[in-house]
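Have a look at the structure below, then the notes.
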Amino acid sequence: MLMRIVLPVVVLVAIVLPLATSGWDAFLTLVWAKALPVLGIILLLQAGQVSFGHAMFFATGAYTAGFVIRAIPGGEIVIALAAAIGASVVAGLLVGVFVVRYRYIFFAMFNLAFSMVFYSLLEKFIHITGGSDGLSIPRPEILGQAMERSEYEFVLYYLALALLVICLYGVHRFLDSPLGHTLKAIKTNETRIEYLGLSPRRVLLIAYIISAFLAGLGGALVAVFQGIATPEYAYWVRSGEFVFVAILGGTGNVFGALAGSFVYEYIRVTATAYVGDTWQLTLGLVLLVIILFAPSGLVGVLNDIRGYLGKGRREPTPSGGKQPSGKTEKQRGEEQ
Amino acid sequence: MSLQILVLTVLDGIAYGSLVFLVAVGLTLVFGVMRILNVAHGSFYALGAYAAASLGLVLSAYGISAWFAYPLFIVAAVAVGVSVGGLMERFILRRIYVREEYLQLLVTFAIFMILDNVQRLVWGVQPYFYTEPLSLMGNVTIVGIPYTAYQVIFLPLVALFILFGLRWFLRKTLAGSLIVAVTEDREAATAIGINARKVFFLTFIIGTTLASLGGALASPTTSVLPGMGAEMIVLSFAVAATAGLGQIGGAAIAALLIGLGRSSAVFFMPELEVVVPYLIMVIVLLFRPEGLFGKTTARKI
Amino acid sequence: MKSVSIAALGLAALLPFQAVAQDKPEEINIGITTFTSGPASVFGVPGQEAARMLAENLNEAGGIQGVPVSLSFIDEGAGAETLTTEYRRLVQDENVDVMFASISSGNCINIAPLAEDLEMLNILWDCGTQRIFEEADYRYNFRTQANATPEMLAPLLYLLKNNPDFETIAVVNQDYAWGRDSWELFSTALKQLKPDVEVVGEFFPSFGASDYSAEISRLLATQPDVILSTSWGGDLDTFVRQANQRGLFSNSQFVLPLVESSLERLGSDLPDGVIVGGRGDHYFLHPEYKDGEELQDFVAQYRERTGDYPIYPAFHMAQAFAALEAAYDKAIEANDGGWPDREQLVDAMAGLEYRGHGRPLTIREDNQAIEAQLIGTTKHVEGYDFPIIDNMMIFDGADLMPPAGENSIEWIETLDESFVEEVSADEYQHEE
């Protein structure tokens, strides 16, 4: 349902929006870009593992893109993004090899430790990274085309949207694959996987690398859009934010990344604009309410409403023999 | 000269480690018993510091001797720990004990954001400072270098007192035994009639009171200002993870290790200072994933 | 709006010979980025209070050229993305007329290119990094106060003029861009102006560090002749108090270029004889203006409002307002009395002369203001329960800056020992 109806509708609206109105593009570009690391968190959450350090890959992507653009005269966004992806995959592999040996709180802490070391290094090597002022990134060319800011942002909006949709679909497919099911089994019963002759560590490592890739891509997009990469991109509060957004959106479905990212950014910007001094308070309260009263996140709420409306009517036709995702979602909510 | 540097390194390490221990021990205790990593722990540190500084400033406004500040620190810590900590456990945490770990973690993250903001609304943004208790104890000169007695004698003594007091409490008193029982095996403890709820409530209050006490005791030595909690959380995490979560004696040694590591960095490689706690944590976890003193738990099949 | 435009149209019809000008707007909307959360709110909130106060005063007096001003604030503490998103919202949706951004140098670096692309008049009202106008040319960005180069050279010259006999120096700065950059400027200049000085300690404790015991122990053991710290806010307060408690001030000459913003909080914890700066020549007891009504009113009003004496961010805000007012006056004059559009206003900013509560300022051709620098020494006197600044020297800003377009570090490397004598300063004593 979500993948088949809601997502296409959302994508369609997203495609038309910049042509119809103005003022939302910049905001939405950030939403698209920042949904990517959240998608990575959701992927790891399928295995029951939460990383409190994914900001390090976000920063890896951002700084790599920055360095590449500064190194190449004119800068080329395609090369920058490719380099960012490469760097974050390598970083994901290096860190992943260590962290996939741990579970739960230790997994979270280990990620946190690595990201904090990385954060300190970004601040320390001021002559390379620009320290806490950040690395400023000139506007790159897109496929050899130098652009004005408005054109550039217009293209970047669609680029980020396209990349996000591809990633959403890709992760969705991955979770439906045998590997994806094995990943989910790490959460329910890891030893069983071992008895089946599979290596949970290897499966988790693959998921970890994919999540690092997503975080890195998101970081690179934010960096080229903002024109800056700062050590704050790697700080633990940002890692916490990714997890926060994942929970907000709902961890049962890849769509949660998009929903969460949109709502989070919206609350944050609105709160900063209208309640000023109390934006943190507002965000904290929203998060509390979500966890206490809507544990399956916005997507869960959406499904509940649909389930409520659909009561008495016939169940929607099961697609391809699979359970409708709404039901899975509800069950997951009840399990918790 | 080199002997002098060595002595200084050790003294500074002990002074800093003591304070870090005072804050981190509460986090470790709460995690050991409740299996919740309380991100809001740093907020309690900040609240304790603010409460102590405010009470202290009231004292000096009325011209009351700063000697009363020391008992007042305990009053401030208990007040914050019991009221805010108690409310947090009773109305929020209690509802999520059955949830997944990461959700519990996030709830405390949300509370951290809320408390951080509330703190700013109540106390504003200008730094507070209340030094009288520090000046009152005067200086001691060791190997030719003046130190404040407060930091180099008083704080380590308080840390030792808390360490042994907590061990005594857990081993020799009824309430302590109940806490230990719930920690060791929650199901069995509940089965023989122990009220796990009450135990959790008590533990959480002790944990947050310890964090506030750490803040109250830190307030004479440092500026009390917005954002002071965030730094302490990560540091406490590093101590707790290095020690092995739930290990109280271990936390003392880990805090000392981090204190000594930091002071040696200042003396020998100043550039490393900021990274030291995390480096220690990463190195320890690489070799002992359960922490220095953590026990490996059997996996459920 | 409508009635105003109709009135303006009518007016234009009545006076056919006057050039057709922009409509006079109903209000001038000023967007301001400042810290209202995080450690830097020790600067952000005084800046914000000053802005509100200045706007109220201005509106009571009829506004800028008869047009009242209104303010919108953005919290710099909310993070870089929220900041730029909000910045765009104010510029594109709320149609602000001018932006004041920002306190953090990182945020200035982030926002300047954005403002340029949005063609938004952007006044860098407080940030210090000298890199902005040295590394890029801007049309729409202007800084209405000095930058790090004169702010570091002035305390160094003061030190060299007043206490030239020192052999060793140590630095304790916050571990972030400002702490590093300011030390690079200071140490590079020191090497040129007094090459025989040995640097015996470089400490960069983390930003927001709560404890400096180990650094202080090491400084007590090494006993450097001079200790420099460009830290600010809670970090500086903590360092000063811990250092004072352990007698570090009696061994070493302290140079604290930003301590003006902490004087009132530190009170008796800051001893006499410390070299003080405040990022400019604004001070509530400015020797040249303290008897003038303007400064006295500003100080009294600010104190009534906040309970504190104004510190440098409050003065920087006053300078930004003064520049804006002067720019409107100049643009309207250039436009034969007609209301200026954005481009005309930006044109007026170039070469603008204005005055806050210190000496007059000029915007030079790289859009950077030339501001004098006031440096002095702490002294406890009757009537204040915190140290005031004595033995003041006021340096002319132009002497302490590279020519427009030149890199500060490269320029400093061309200086030599004679520079200390070449640069003159006006000297003042504190007097009641």
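Chains as they are written, first to last, in our numbering: chain A, 1 to 336; chain B, 1001 to 1301; chain C, 2001 to 2432.
A virtual CB, placed ideally from N, CA and C, is assigned to each residue, including glycine.
Asked: Proximity to Thr2306 of chain C [Cα-Cα], best of C:Glu2264, C:Tyr2289, C:Asp2281, C:Glu2294; Found: C:Glu2264
Asked: Short-range partners of chain B found in the region 95-107 of chain A, where Cβ spacing is below 8 angstroms; Found: Phe98, Arg101, Tyr102, Tyr104, Ile105, Phe106
Asked: Met1137 of chain B: contacting residues in chain C (beta-carbon distance under 8 angstroms); Found: Chain C residues near Met1137 of chain B: none, gap ~10 angstroms exceeds 8 angstroms.
Asked: Where Gly2079 of chain C falls: helix, strand or coil (DSSP); Found: coil
Asked: Endpoints, alpha helix (DSSP H) assigned at Lys187 of chain A; Found: 178-188
Asked: Counterpart residues of Asn2141 of chain C in DSSP-defined beta bridges; Found: C:Asn2122
Asked: Range of the contiguous beta strand (DSSP E) that encloses Thr1141 of chain B; Found: 1139-1142
Asked: Contacting positions in the region 1107-1126 of chain B - beta carbon closer than 9 angstroms to chain A; Found: Val1107, Phe1109, Ala1110, Ile1111, Phe1112, Met1113, Ile1114, Leu1115, Asp1116, Asn1117, Val1118, Arg1120, Leu1121
Asked: Cβ neighbour criterion (16 or more within 10 Å) applied to Ile128 of chain A; Found: exposed
Asked: Burial state of His1041 of chain B (16 or more Cβ within 10 Å); Found: buried
Asked: Runs of beta strand (DSSP E) lying entirely within the region 2043-2102 of chain C, each at least 3 residues, in chain order; Found: 2069-2075, 2098-2100
Asked: Proximity of Leu1178 of chain B and Tyr1130 of chain B at Cβ, strictly below 7 angstroms; Found: no
Asked: Length at least 3, wholly inside the region 9-89 of chain A: the beta strand (DSSP E) runs in chain order; Found: none
Asked: Identity of the residues DSSP links to Phe2395 of chain C by a beta bridge; Found: C:Gln2373, C:Ala2425
Asked: Coil, strand or helix - Lys2379 of chain C by DSSP; Found: strand
Asked: Cβ-based contacts, 8 angstroms cut-off: residues of the region 214-241 of chain A near chain C; Found: Val222, Gln226, Gly227, Ile228, Thr230, Glu232
Asked: Residues of the region 1055-1066 of chain B with Cβ closer than 7 angstroms to any Cβ of chain C, in chain order; Found: none
Asked: Extent of the continuous alpha helix (DSSP H) run through Glu2173 of chain C; Found: Going by the sequence as given, residue 2173 of chain C is Asn instead of Glu. Per DSSP, Asn2173 of chain C belongs to no alpha helix (DSSP H) and is neither H nor E.
Asked: Cβ shell of Trp236 of chain A (< 8 angstroms), same chain only, five flanking positions each side left out; Found: Phe52, Gly53, Ala55, Leu112, Ser115, Met116, Tyr119
Asked: Burial state of Asp2093 of chain C (16 or more Cβ within 10 Å); Found: exposed
Asked: In DSSP terms, what Ser1002 of chain B is bridged to; Found: Note: Ser1002 of chain B sits in no beta bridge, so no partner.
Asked: Cβ of Leu1027 of chain B within 7 angstroms of any chain C Cβ; Found: no
Asked: Leu12 of chain A classed as buried or exposed, judged by whether at least 16 other C-beta atoms fall within 10 angstroms; Found: exposed
Asked: Distance, Ile2394 of chain C Cα to Glu148 of chain A Cα; Found: 45 angstroms
Asked: Gly134 of chain A at chain C interface by Cβ criterion, 7 angstroms; Found: yes
Asked: Alpha-carbon spacing of Leu2415 of chain C relative to Gln2192 of chain C, whole angstroms; Found: 6 angstroms
Asked: Integer-rounded CB distance, given that Ile1142 of chain B should sit under 8 angstroms from Val1007 of chain B; Found: 7 angstroms
Asked: C-alpha distance - Ala2221 of chain C paired with Trp24 of chain A, whole-angstrom precision; Found: 59 angstroms
Asked: Any chain C beta carbon closer than 7 angstroms to Ile126 of chain A; Found: yes
Asked: Three-way DSSP call (helix, strand, coil) for Leu121 of chain A in this model; Found: helix
Asked: Straight-line Cα distance separating Ile210 of chain A from Ala185 of chain A; Found: 18 angstroms
Asked: Short CB-CB distance (under 7 angstroms) between Leu1285 of chain B and chain A; Found: yes
Asked: Contact the region 1070-1083 of chain B vs the region 244-260 of chain A: 3+ CB pairs below 8 angstroms; Found: no
Asked: Closer than 7 angstroms to chain B by CB, Thr2397 of chain C; Found: First, the amino acid is wrong: residue 2397 of chain C is Gly here, not Thr. It does not; no Cβ of chain B falls within 7 angstroms.
Asked: Segment contact flag, the region 137-146 of chain A with the region 68-82 of chain A, C-beta cutoff 8 angstroms, min 3 pairs; Found: yes
Asked: Rounded distance between the beta-carbons of Val2172 of chain C and Ser2229 of chain C, thought under 8 angstroms; Found: 5 angstroms
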